[in-house]
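Remarks on the structure that follows.
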Amino acid sequence: MVDDQFQLYDLKVEVVHGDRARPLVCQHRLGDTFFLRGSRIEIAPGSSFGMWAMLAVLPFLPAKQRPTVKGDWMTTDADIACTDPHCGAQFRITRLELKTYRHGDFTKVPLGANS
Ligand SMILES: [Zn+2]
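The sequence shown lines up with residues 124 to 238 when you count with my numbering.
Here it is in structure tokens:
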């Protein structure tokens, strides 16, 4: 890999019923899915994803996209709870293909600036 390249996993985010002691209360549909490829979110055909669900999971996505070491909790933890404390839905993040990108495809800031 050359200096201006970096790698990101494609991610799949799927609604699961992770906490069975609680009902699904936010109009989640089990199996609804979106994908994150690079910086692009793609909602799977026939799926939808609620705004609050999206807000719960978004902060974790940039970290899950990046390769992490075995001991990092970000490597193992994959289920994010719904923001509604009464809701049993969770959003499962699965790493898919690891892709290589180029620095200049994402920013106009010169390589090496601010480092
Ligand atoms: Zn919910």
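We treat Cβ as the ideally placed atom computed from N, Cα and C, and that holds for glycine.
Straight-line Cα distance separating D200 from A144: 20 Å
Any residue whose CB is nearer than 5 Å to a heavy atom belonging to ligand 1, listed in chain order: Per the CB criterion, closer than 5 Å to any heavy atom of ligand 1, the qualifying residues run in chain order as C149, C205, D207, C210, A212.
Counted within 10 angstroms of its Cβ, other Cβ atoms place A176 as buried (16 or more) or exposed: buried
Residue burial classification, L159 (beta-carbon count within 10 angstroms, cutoff 16): buried
Cutoff 8 Å; reference Y132; Cβ partners in own chain excluding five residues on either side: Counting only Cβ-Cβ distances below 8 Å, and skipping sequence neighbours, we find K187, Q188, R189, P190, R218, L219, E220, L221, K222.
Range of the contiguous alpha helix (DSSP H) that encloses Q239: Given that the chain is displayed from residue 124 to residue 238, the structure contains no residue 239 and the question cannot be resolved.
Outcome for E137 when other beta-carbon atoms lying within 10 angstroms are tallied against a minimum of 16: Around the CB of E137, 16 or more other CB atoms lie within 10 Å, so the residue is classed as buried.
Counted within 10 angstroms of its Cβ, other Cβ atoms place I216 as buried (16 or more) or exposed: buried
Local Cβ density within 10 Å of G154, reported as buried at 16 or more and exposed below that: exposed
Reference A204, options A167, F129, A236, H151, closest by Cα: H151
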